[in-house]
Amino acid sequence: MSPQHAHPLTIFTHLWRVFYLTIIPVIRGFMGAVRGDFSVWLGGAWIDIGILLIMVAGAVWSWRRVTYTLEDEGIRIASGLLLRHDTRIPWDKIVTLSVAHPFFLRPLRGAYLRADTLGGSFKDADFTILLTHRQAAQVWERLEERDASVSGRVYTPSTSSIVALALLTSNAFAGVVFIATLVSQSGKLLGQEFSERILGTMETLTRQLAFGIPYSAAMLAYLLLFGWLYAFVQSFLNYKNMRVFRRRHTLLIRGGLLTRREYCIDAGDINFLDIRQSVSTKLLHLYSLYISAVGYGKQKDDISCVIPTAKGEVFNTHHHQLFPGFDASPRQLAPKGTLFRFIGQPLTWCLGSPAATVLLCWLFPGWKSFILFLGFMLLVPGLVLMVVRLLDYTTSGVSCDGISYTLRYSKGFYIHTVIIPTDKVVLVQLRQSPFQRRNGSCDLLVYTQAEGRSVHTCRGLPLHELRDFFHIHSQ
Amino acid sequence: MIKPQPGILTIWRLLLVFAAIPPSFLFSLFLRVGGLWWWVCAALWTVAFLFFYLFYLPVRYRKLSFTLEKDRLTVTSGVFQTNTRVMPLANVQYVGLVISPFDAVWGLCTLLVTAPGGRLHLPGLRQQDARNLAALMPR
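These protein sequences, in sequence, are chains A and B.
The first sequence runs 589 to 1063 under the working numbering.
The second sequence runs -11 to 127 under the working numbering.
Dropping the structure here:
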């Protein structure tokens, strides 16, 4: 196959990086022309227009220099104006290939193709290129040829399952950041008066709907609520129309309403499975399944969950269909007499938060009502964390069935059951503090294969038994 | 089991002396020499220096050890918190030697063993021992 060029839209991405440099002198030139003589404009602005033309020419030349070639062994990417880069990535080294069809590119038939291998940056994909739909489909077909098995298993989550996932996992703070950015940027684009009008409307509505809560606390609460609402809608749109196909060696995942995303993952390169529960899903007996593979779930809007919330039996059925041989084994080692290791942090939080509230009320009596509200709000996550840690104490542990390790632990507000193939474990660490020396316990840290750092921590396990479990001899 | 060379303790102590110079200089620069606060900072700095020189670094050296078995490398380290790190050799991607100027004087180095997602540091090895150890690891 001869070298192919990227989508012509790439010219605008190259141009956009430097276009802002010319917008100001061009506008100034036009303003000068409006106020003054035409010859004045001609005399001053031709340099600006010349620079603009040079930048457009540079962007076009840059686009011409970016090519890709589909070869039998892999894909070859060439780029760079003065400093040429020529990279060849073998097909069997690509762990995750993803194609994203953003809604704003669909009329122009554009799609982002990303590929990731074990090497390269852990923040970004190893290469990202903007292609036409047809070009992206060609690359996709070439990668699918690796696994020519016709039959496969298909899993389609229900809409209620996706709604439940979005309801329970949406992050309010991400939405708050978005709203704050939207208001401030709208001021820059449409004038300060516009953003002040938005803020004024928010203030008026908040005062009317405060229901006896202090105004500043109500503003904070509504901000978090709208932030959560934005995150919920975004999460729902990302997972809608999701389908998961399992073939012999590959996992294909598709989903998204406005922006369609497709992923092709080498099943042998999945580092671990993560069955995740929060306090609410634990009480409702719902489970969510995530996978870890290089390049998958890296981008902010990626579909990181493979099985959104599902009840026990249904979840187990789909789990076995999609990942045969990846089963959680029963607990073999559990924490013994190490309850304080689990509840120490939330206990400090639950006792410290009211104490800090009382102290701040004494120091700033004028802010008493707001501080009391804030103190109460901060106590709630501490209590939730206490519940999570208590559940963790009763379920935490480690086991091995010869093929994979199963680690049960909590991280943040989630309880994880992680299934790791033994060959994906790169480092095992037993960490014992002076307090743990008294009762012979330690923390187990298991590092799994990843581009960056991927660690799983089980608290308060018996040291001596762990050494026997991992065949670590005393020194 | 492999113990690091005693020279690494001397190197750590020398680095401690160099690290202690800036605070003592800054105290004397910004505080009145002989004044109350100068004495307080001097006492704190001296206690910290003696703590690291007489207790922390010797305990760190004493607890540091490495074991290379057929299929794994084990590193035990830590002062207050004891850490035992085990890396299966099958996952080792590459091995490197790091030689600082102080290491060069004593003929020592630090061996870095890197796997995708984890890394082990083995300080205080003789350079030839480190190269022999690196050669024993599968690639």
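For glycine and all other residues, C-beta sits at the position ideal for the given N, C-alpha and C.
It should be emphasised that the depicted structure is a prediction, and the values quoted were computed from it without experimental measurement.
Residue closest to residue i, alpha-carbon to alpha-carbon, out of the options
i               : options                               : result
residue 844(A)  : 667(A), 687(A), 670(A) and 1027(A)    : 687(A)
residue 718(A)  : 730(A), 733(A), 702(A) and 732(A)     : 702(A)
residue 1003(A) : 1028(A), 1044(A), 1023(A) and 1009(A) : 1044(A)
residue 651(A)  : 658(A), 591(A) and 691(A)             : 591(A)
residue 94(B)   : 3(B), -11(B), -1(B) and 67(B)         : -1(B)
residue 86(B)   : 66(B), 43(B), 99(B) and 7(B)          : 99(B)
residue 47(B)   : 125(B), -6(B) and 107(B)              : -6(B)
residue 640(A)  : 1041(A), 661(A), 603(A) and 921(A)    : 603(A)
residue 846(A)  : 699(A), 960(A), 758(A) and 981(A)     : 699(A)
residue 1017(A) : 998(A), 993(A), 809(A) and 1058(A)    : 1058(A)
residue 850(A)  : 952(A), 788(A), 968(A) and 891(A)     : 891(A)
residue 902(A)  : 882(A), 875(A), 952(A) and 759(A)     : 875(A)
residue 1060(A) : 1022(A), 1025(A), 1015(A) and 1048(A) : 1015(A)
residue 1008(A) : 1001(A), 987(A) and 809(A)            : 987(A)
residue 918(A)  : 962(A), 646(A), 967(A) and 983(A)     : 983(A)
residue 837(A)  : 868(A), 912(A), 872(A) and 785(A)     : 912(A)
residue 550(A)  : 732(A), 870(A) and 694(A)             : Since the displayed chain A opens at 589 and closes at 1063, residue 550(A) lies outside it and no answer follows.
residue 1091(A) : 925(A), 636(A) and 693(A)             : Residue 1091(A) lies beyond the range of chain A shown here (589 to 1063); nothing can be said about it.
residue 1025(A) : 681(A), 925(A) and 635(A)             : 925(A)
residue 968(A)  : 994(A), 995(A), 938(A) and 990(A)     : 938(A)
Beta carbon proximity, residue i to chain A, threshold 8 Å
i              : result
residue -7(B)  : no
residue 70(B)  : yes
residue 125(B) : no
residue 50(B)  : no
residue 11(B)  : no
residue 74(B)  : yes
residue 111(B) : no
residue 34(B)  : no
residue 105(B) : yes
residue 78(B)  : yes
residue -2(B)  : no
residue 128(B) : The question about residue 128(B) has no answer here: the residues shown for chain B are numbered -11 through 127.
Test: residue i CB closer than 8 Å to a CB of chain B
i               : result
residue 1018(A) : yes
residue 1013(A) : yes
residue 1042(A) : yes
residue 1038(A) : yes
residue 928(A)  : no
residue 678(A)  : no
residue 853(A)  : no
residue 1060(A) : yes
residue 706(A)  : yes
residue 1021(A) : yes
residue 1035(A) : yes
Proximal residues to residue i (C-beta, below 6 Å), its chain only, five neighbours per side dropped
i               : result
residue 1012(A) : 859, 1036 and 1037
residue 675(A)  : 665
residue 82(B)   : 102
residue 598(A)  : 651 and 718
residue -11(B)  : 53 and 55
residue 72(B)   : 64
residue 863(A)  : 875, 877 and 1005
residue 1048(A) : 923, 926, 929 and 1029
residue 62(B)   : 55 and 74
Under 9 Å by beta carbon: chain D residues contacting residue i
i              : result
residue 920(A) : The structure shown has no chain D; the protein chains it does contain are A and B.
Same chain only: Cβ atoms within 8 Å of residue i, ignoring 5 sequence neighbours per side
i               : result
residue 1028(A) : 1050, 1051 and 1052
residue 67(B)   : 44, 47, 48 and 51
residue 117(B)  : -10
residue 960(A)  : 945 and 949
residue 873(A)  : 899 and 900
Cut-off 7 Å between Cβ atoms - residues of its own chain near residue i, not counting five sequence neighbours on either side
i              : result
residue 881(A) : 683, 684, 853, 857, 858 and 859
residue 12(B)  : 33
residue 76(B)  : 59 and 60
residue 595(A) : 698, 718, 719 and 720
residue 1(B)   : 41 and 45
residue 114(B) : -7, 95 and 96
Quick test of the definition: if touching needs 3 or more C-beta pairs under 8 Å, does the region 741 to 758 of chain A touch the region 906 to 914 of chain A?
yes
Validate contact between the region 917 to 935 of chain A and the region 967 to 981 of chain A using beta carbons, cut 8 Å, 3 pairs
Yes: the two stretches touch, three or more of their Cβ pairs being nearer than 8 Å.
May I have a chain-ordered list of the alpha helix (DSSP H) segments no shorter than 4 residues that lie completely inside the region 890 to 922 of chain A?
The alpha helix (DSSP H) runs lying completely inside the region 890 to 922 of chain A and spanning 4 residues or more are 900 to 910, given in chain order.
For the structure I just gave you, are there three or more beta carbon pairs, one from the region 751 to 760 of chain A and one from the region 887 to 902 of chain A, closer than 8 Å?
Yes, since at least three Cβ pairs between the region 751 to 760 of chain A and the region 887 to 902 of chain A fall closer than 8 Å, the two stretches touch.
Enumerated in chain order, which unbroken segments of the beta strand (DSSP E) with a length of 3 residues or greater are wholly contained in the region 716 to 758 of chain A?
741 to 743
Fully enclosed by the region 13 to 101 of chain B, which beta strand (DSSP E) runs are 3 residues long or longer?
53 to 56, 60 to 65, 70 to 76 and 82 to 86
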